[in-house]
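Asker: Residue numbers for the sequence shown follow the numbering used here, beginning at 1167 and rising by one.
All residues carry an ideal CB built from backbone N, CA and C; glycine is no exception.
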Amino acid sequence: MKYLRLALLPLLAAVCGSTNADARVTTIAGNGLAGIVDGAAGRARFLLPSGIAVRKSDGAIFVSDEAAQRIRELTRAGNVITVAGSGALKSPGLSVEGGFADGPALRAKFNRPAGLAIGPDGALYIADSLNGCIRKLLNGIVSTAAGKCYGLAGPAVRQPADGPAAEARFVNPRGIVFDPKGNLYIGDPGAGLRRLGTDGNVTTIHLQSVPDNDIVSVAYGDGADPVILATSPLHVVVYHPSSGKEAVIANAESEGLRPFGEPNSVAGIDSRQFLFTDASAEVIRYLRLPAPPFVGTTYTRAIAGDQRTTLGEGAGFRDGALSTSQFNAPMGIATDGKTAYVADAGNRRIRKITLPQFRVSETGLSSMRTNSRYFEIALIGASYVFYDALGDDSICAALERALDASHRFDKPVRCHAIRIDSATLPSIANYVEAFLPNERMDAVIVYLSAWQSPFEDGKRYFYNVPPAEGIPAVRASLQRILQALKQPQTALALTWGYLSSDVSDTEGIAIRQRANDWYPRAHTFELPNGSTHATVEQYMAGIKDLPIVQYDLYNDLVNYEKGANPLPLYEPNDLHFSPRGHAFLGSEIAKGLLARGFRKAISRR
């Protein structure tokens, strides 16, 4: 089987954050007025907070105040103090003249300090951008860690050079991040992606997939196959240090047909999930990378800030719920997966974001991540099972809530979304055979739609295959799944779903107006037997003798559409469900399966 030949991909389960209701933005330092004022966080003043880093040992937050040529610290006690940098304000009071000087921290000089990172030695490393070097703050002393600093008399044209740290040359280092081994990765616009290795040498990583060298920001994503995410104004590059492989993502469009956004500064949650500031749109975005061969699309969504489409129109200052919060040119960002900290440059404030729950579609599962404290349920299908969702607005999350609310389970239900793009039924069977026999799953729900195929070729779909031909193929795949789940004694359920054009002419209206769209336009009027639903009913009847709980969503969808003022359940420009549709599906699948003996099927395991 092809999936058995694949390298196991890590389980990427929910990153436990707050619930969406608790997710919010608060200001933790700065009063918005321009200045260099230390003291209580709420009265402190900044000029241009740019980079940000959090020290795990005590929770101290470090900020590069770029226009002030200083490094500031927000202590755990709630005070802002200057820990490095010097120089007087120059007229009209919005900046300090740059310079270069190592030595005692409060007499040191910087020239537009940008990215920050905490090193394995406990020191704070600083991308001193216009000095063209990496500085280090440790025990009250500033020193040069890498690069021959240019100072104010630097050449007009800067040429990068690799070599020992003291001899290397940078152009304009901006973003920096350490990996767990102690290698420092540097985004050096004009030179590209650089690395200060643990051997003390600076090297340039020549990215073959990026036509420019304008790497501005970098982040480390931890996991079984760690990645360095490097961003330029036009590209996002996923670089794998262990293999040297890379993939490039053009900043054009993401899943859900929304704009990708323009990354300014990026922070890693794990090897698939990242956050980035989008200073052009004044928002904070979430980024989820593809997981080949299962998920082939990139996903981004604004999670905080005014989400108006006109760039710059959403700029402002407002704390509160994520959807109503406002930022003004947000720059640096740091996160631990539960909380994010943002240097909100235009507002001269440091903001804290209590994050919502994020989920990813799970791939190669690990039995260490399932346990007897939960009723573990896998929802397997094509992109429908986890599309255009942050996680808490997914079908799986709605299914969990509905099953828990039924009070039929004495343990919390935990749903694992397993997405296999354009999944044929045989490919789902391949996945189950390869990955699920070693799991402690209580139940598996397979979601099938008319846009899937009962055959491996993926070219013939349920809606246009005569049931007499398709039913034997369906039975063969389902029997393989049942056999694979026999040893872990996992219950199996099957849910039948539909495309928007199978249900209502008003759903997906935008698609019908596009003459050459590749999506099917109106199956309802093309099928010789009259409807997709009639075809599905025949398939259901053809497998009713198998020990599977089946549920057909057709009547639920039609009755919803017949109701007064039905809001769209599907995305307006494609055939996937919207977050509103996810909530509807999760609730209806739970009710439908429970009414047909789903809980008893689990009990008989």
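#1: List in chain order: all unbroken beta strand (DSSP E) runs of 3+ residues lying wholly within the region 1596–1630.
#2: Between which two residues does the alpha helix (DSSP H) holding H1699 run?
#3: Whole beta strand (DSSP E) runs in the region 1540–1602 with 3 or more residues, listed along the chain?
#4: Among residues of its own chain, excluding the 5 on either side of R1451, which ones have a beta-carbon nearer than 6 Å to its beta-carbon?
#5: Going by Cα to Cα distance, which pick from R1484, S1383, S1230 and V1393 is closest to G1356?
#6: From T1501, E1479 and A1322, pick the residue whose C-alpha is nearest to that of N1494; which is it?
#7: Smallest Cα separation from G1205: which of E1239, K1222, D1188 and G1225?
#8: For the 8 Å Cβ check, are there 3 or more pairs between the region 1270–1277 and the region 1326–1339?
#9: Can you tell me which of the three DSSP states T1490 falls into?
#10: Would D1354 be called buried (16 or more neighbouring beta carbons within 10 Å of its own) or exposed?
#11: Tell me the DSSP bridge mates of T1241?
#12: Give the list of continuous beta strand (DSSP E) stretches no shorter than 3 residues that lie fully inside the region 1646–1680.
#13: Do you know how far the Cα of R1242 is from the Cα of P1339?
#14: Does G1298 come out as helix, strand or coil in the three-state DSSP assignment?
#15: What is the C-beta distance between V1640 and I1709, in whole angstroms, given that I count them as a contact (C-beta under 8 Å)?
#16: Drop a sphere of 10 angstroms on the beta-carbon of N1596, count the other beta-carbons inside from all chains shown, and report buried for 16 or more, exposed for fewer.
#17: Using a Cβ-Cβ distance cut-off of 8 Å, determine whether C1299 contacts chain D.
#18: How big is the Cα-Cα spacing for A1189 and E1737?
#19: With H, G and I counted as helix, E and B as strand and the rest as coil, what does DSSP make of H1689?
#20: Could you check if L1155 is buried or exposed, using at least 16 other CB atoms within 10 Å of its CB as the buried criterion?
#21: Report the rounded CA-to-CA distance for L1569 versus M1607, giving the unit in angstroms.
#22: Are A1283 and S1230 closer than 8 Å when you measure CB to CB?
#23: Given T1536, which residues of its chain have a CB within under 6 Å of its CB, disregarding the five upstream and five downstream residues?
#24: Taking contact to mean 3 or more Cβ pairs, one atom from each stretch, closer than 8 Å, check whether the region 1715–1731 and the region 1544–1558 are in contact.
#25: Taking the continuous beta strand (DSSP E) assigned at R1454, which residues delimit it?
#26: What span of residues does the beta strand (DSSP E) with S1431 cover, start to end?
#27: Helix, strand or coil: how does DSSP classify N1695 here?
#28: Can you tell me whether H1748 is helix, strand or coil according to DSSP?
#29: Using DSSP bridges, identify the partner residues of Y1316.
#30: Does A1767 pass the burial test, meaning 16 or more other C-beta atoms within 10 Å, or should it be called exposed?
#31: Where D1668 and P1458 are concerned, what is the direct C-alpha to C-alpha distance, given to the nearest angstrom?
#32: Secondary structure at V1461, three-state DSSP: helix, strand or coil?
#33: Under the three-state reduction of DSSP, which class applies to N1725: helix, strand or coil?
#34: Might you give, ordered along the chain, the residues of its own chain that have their beta carbon closer than 7 Å to the beta carbon of D1268, omitting 5 neighbours on each side?
#35: On the DSSP bridge list, what partners appear for I1469?
#36: Mind reading off the beta-carbon distance from L1373 to V1403? Whole number of angstroms is fine, and I expect it under 8 Å.
Answerer: Let's see:
#1: 1609–1615
#2: Counting from 1 along the sequence shown, the entry for residue 1699 is found at position 533. Taken as a continuous stretch (DSSP letters only), the alpha helix (DSSP H) holding H1699 covers T1698 to G1708.
#3: 1541–1547 and 1579–1585
#4: Indexing the sequence shown from 1 puts residue 1451 at position 285. Taken in chain order, the residues that qualify are G1427, F1442, D1444, T1466 and A1468.
#5: The count along the sequence shown starts at 1 and reaches residue 1356 at position 190. Measuring from the Cα of G1356, the nearest candidate turns out to be S1383.
#6: Taking the first residue of the sequence shown as position 1, residue 1494 is located at position 328. That would be E1479, whose Cα lies nearest to the Cα of N1494.
#7: Position 39 of the sequence shown, counted from the start, is the residue given in the question as residue 1205. Answer by Cα proximity: E1239.
#8: no
#9: Sequence index remark: in the sequence shown, residue 1490 carries index 324 (1-based). In the structure shown, T1490 sits in a helix (DSSP, three-state: H, G or I).
#10: Position 188 of the sequence shown, counted from the first residue, corresponds to residue 1354. Under this definition D1354 is a buried residue.
#11: Here residue 1241 refers to the residue found at position 75 when the sequence shown is read from its first residue. For T1241, which the question treats as bridged, DSSP gives no partner whatsoever.
#12: 1657–1663
#13: For this step, residue 1339 is matched to residue 173 along the sequence shown. For this step, residue 1242 is matched to residue 76 along the sequence shown. Distance between the alpha carbons of P1339 and R1242 is about 29 Å.
#14: Numbered from its first residue, the sequence shown carries residue 1298 at position 132. Three-state result, G1298: coil.
#15: Position 474 of the sequence shown holds residue 1640. Position 543 of the sequence shown holds residue 1709. So it is a contact: roughly 6 Å between Cβ atoms.
#16: Within the sequence shown, the letter at position 430 stands for residue 1596. Buried, since its Cβ has 16 or more Cβ neighbours within 10 Å.
#17: Within the model displayed, chain D is absent; a lone protein chain is all it includes.
#18: Position 23 of the sequence shown, counting from 1, holds the residue named residue 1189. Position 571 of the sequence shown, counting from 1, holds the residue named residue 1737. Each residue's alpha carbon lies about 25 Å from the other.
#19: Start at 1 with the first residue of the sequence shown, and residue 1689 comes out as number 523. Bear in mind that a pLDDT of 42 at H1689, under 50, signals an unreliable position, so the number given afterwards is only what the model happens to contain. Looking at H1689 - three-state DSSP - the assignment turns out to be helix.
#20: Lying before the first or after the last residue shown, residue 1155 is absent from the chain, which here runs from 1167 to 1771.
#21: Here residue 1569 refers to the residue found at position 403 when the sequence shown is read from its first residue. Here residue 1607 refers to the residue found at position 441 when the sequence shown is read from its first residue. Going by the C-alpha atoms only, they are around 16 Å apart.
#22: Along the sequence shown, one-based indexing puts residue 1283 at 117. Along the sequence shown, one-based indexing puts residue 1230 at 64. No; because the gap between Cβ atoms is not below 8 Å, this pair is not in contact.
#23: As a first step, residue 1536 is located in the sequence shown; it is residue number 370 there, counting from the start. Only E1542, E1605 and R1606 meet the Cβ criterion.
#24: no
#25: As a first step, residue 1454 must be located in the sequence shown, where it is residue number 288. Where R1454 is concerned, the enclosing beta strand (DSSP E) stretches over V1449 to R1454.
#26: Taking the first residue of the sequence shown as position 1, residue 1431 is located at position 265. It spans S1431 to G1434 - the beta strand (DSSP E) in which S1431 sits, taken as one unbroken run.
#27: For this step, residue 1695 is matched to residue 529 along the sequence shown. Unreliable placement is indicated for N1695, whose pLDDT of 45 sits below 50; no coordinate value is reported for it.
#28: Mapped onto the sequence shown, residue 1748 falls at position 582. It is helical.
#29: Counting from 1 along the sequence shown, the entry for residue 1316 is found at position 150. Y1316 is not bridged to any residue.
#30: As a working mapping, residue 1767 is identified with position 601 in the sequence shown. Flag for A1767 reads buried.
#31: Position 502 of the sequence shown, counting from 1, holds the residue named residue 1668. Position 292 of the sequence shown, counting from 1, holds the residue named residue 1458. Rounded to the nearest angstrom, the two C-alpha atoms are 30 Å apart.
#32: Here residue 1461 refers to the residue found at position 295 of the sequence shown. V1461: strand per DSSP, three-state reduction.
#33: Counting from one through the sequence shown, the residue named residue 1725 turns up at place 559. Note: N1725 maps to helix in three-state DSSP.
#34: The residue labelled residue 1268 in the question sits at position 102 within the sequence shown. Excluding sequence neighbours, D1268 sits near A1274, V1308, S1309 and T1310.
#35: For the purposes of this step, residue 1469 is taken as residue 303 along the sequence shown, with counting starting at 1. Note: I1469 sits in no beta bridge, so no partner.
#36: Taking the sequence shown and counting its residues from 1, one reaches residue 1373 at position 207. Taking the sequence shown and counting its residues from 1, one reaches residue 1403 at position 237. Right, the Cβ-Cβ distance comes to about 6 Å (below 8 Å), so this counts as a contact.
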